[in-house]
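Residue numbers (this note's numbering), protein chains in the order written: chain U, 4 to 150; chain Z, 36 to 227. Below: the structure, in structure tokens.
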């Protein structure tokens, strides 16, 4: 990604999550430290649906410093546990969408932590293909991934 | 045998003893990958925090790798924990899925905007829930520290100790000894 050609100042000025970080737009904050902000999604799948945001504007998860990403994932796990152990949910999704094709709507990378219950409005449809020849497929993937 | 455990044995792309990368046995797309704990854990709550953080780090690396090598237009990193969350296999894992415009994958929700009072109530409920999680973790650390003080000096949990502990656990199992599930991974790190 050619970030060097991108005017980050301009992007931050128009980014809704950067505005939430800078308190220009109010949000329901759940957690905050120097690097991370956790807020409630205003269009929750179910009560408690959270967004874990890096305060800095990153486009996709690959750009995050590993330590920051680690802190965010630890928070995601803790929030998912709270949904299940304390709030009566029987399931939770942790979701990162990198890129529009993956469902990312705003260019500020974030982690969704979504409490789930049967019959809610979250649709997750993943086709289930069969692997015809497992060893051949593994060989092909190793080649693709250079492993 | 668990299908994921079987794939870890027979079709691993990577395995460091703690974490394995396998192809999804029922891939949504080509190179739909799973990052899984080698030890069988069914749900996220059973998974030690350290191990989950490492799995997510691996998933993030794989995500950029498949994005580049497959010329994908996006990637998803997903945890499906629990049947209502569409968990597919009874072995918890992190999925990495390359995405293309107009592929057959749907991960969507169209839910109405919540009112301010609903969000305030949700905030209070979640903050209380997180407080209870903190208190439980503190109580656990406290009891572990107390019992440890009697037995052995403080031990830092690192990658190596997890490996060592797993090895020891394996040996114990081979000797037919009974062991408690949570014993292997001491001291969940406290998240702020």
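Quick reminder that beta carbons are idealized off the backbone N, C-alpha and C, glycines included.
{"Check": "In whole angstroms, give me the CA-to-CA distance for residue 174(Z) and residue 74(U).", "Outcome": "22 Å"}
{"Check": "Report the residue ranges of all beta strand (DSSP E) runs contained in full by the region 43-90 of chain Z; include only those spanning at least 3 residues, in chain order.", "Outcome": "54-58 and 68-72"}
{"Check": "Within a Cβ cutoff of 7 Å, which residues of the same chain sit near residue 107(U), ignoring the five residues on either side of it in sequence?", "Outcome": "100 and 101"}
{"Check": "With 8 Å set as the bound, which would you pick, yes or no: does the beta-carbon of residue 121(Z) sit closer than that to a beta-carbon of chain U?", "Outcome": "yes"}
{"Check": "Starting from residue 180(Z), follow its DSSP beta bridges and name the residues at the other end.", "Outcome": "DSSP, once it has assigned bridges, lists no residue as partnering residue 180(Z)."}
{"Check": "Please report the straight-line C-alpha distance between residue 72(Z) and residue 63(U), rounded to a whole angstrom.", "Outcome": "25 Å"}
{"Check": "Within the same chain, show all residues whose beta-carbon is closer than 6 Å to that of residue 24(U), passing over the 5 residues directly before and after it, in chain order.", "Outcome": "40 and 58"}
{"Check": "Consider the Cβ of residue 87(Z): report whether some Cβ of chain U lies at a distance smaller than 8 Å.", "Outcome": "yes"}
{"Check": "Can you find at least 3 beta carbon pairs, one from the region 46-61 of chain Z and one from the region 137-144 of chain U, that sit closer than 8 Å?", "Outcome": "yes"}
{"Check": "Is the beta carbon of residue 134(U) sitting closer than 8 Å to the one on residue 125(Z)?", "Outcome": "no"}
{"Check": "Whole angstroms is fine: what's the gap from residue 127(Z)'s alpha carbon to residue 115(Z)'s?", "Outcome": "8 Å"}
{"Check": "Spatial neighbours of residue 125(U) within its chain, please: CB distance less than 7 Å, with the 5 preceding and 5 following residues excluded, ordered by chain position.", "Outcome": "48, 117 and 119"}
{"Check": "Taking all protein chains shown into account, decide if residue 130(Z) is buried (16 or more other Cβ within 10 angstroms of its Cβ) or exposed.", "Outcome": "buried"}
{"Check": "As an exercise, report each continuous beta strand (DSSP E) stretch of at least 3 residues that is fully enclosed by the region 101-129 of chain Z, in chain order.", "Outcome": "109-116"}
{"Check": "In angstroms with no decimal places, state the Cα-to-Cα distance between residue 94(Z) and residue 81(U).", "Outcome": "18 Å"}
{"Check": "Give the DSSP-derived three-state secondary structure of residue 62(U) in the structure shown.", "Outcome": "coil"}
{"Check": "Going by DSSP, which residues form a beta bridge with residue 141(Z)?", "Outcome": "128(U)"}
{"Check": "My guess is that residue 43(U) and residue 111(U) are in contact by the Cβ rule of under 8 Å, so how many angstroms apart are they, rounded?", "Outcome": "That belief does not hold up - the Cβ atoms of residue 43(U) and residue 111(U) are roughly 16 Å apart, past 8 Å."}
{"Check": "Can you find a C-beta in chain U that's less than 8 Å from the C-beta of residue 170(Z)?", "Outcome": "no"}
{"Check": "Would you decide whether residue 37(Z) is buried or exposed? Buried here means 16 or more other CB atoms lie within 10 Å of its CB.", "Outcome": "exposed"}
{"Check": "Give me, in chain order, the residues of the same chain whose beta-carbon lies closer than 8 Å to that of residue 107(Z); leave out the 5 immediate sequence neighbours on both sides.", "Outcome": "101, 133, 134 and 135"}
{"Check": "For residue 31(U), decide whether its Cβ has a neighbour in chain Z, counting only Cβ atoms nearer than 8 Å.", "Outcome": "yes"}
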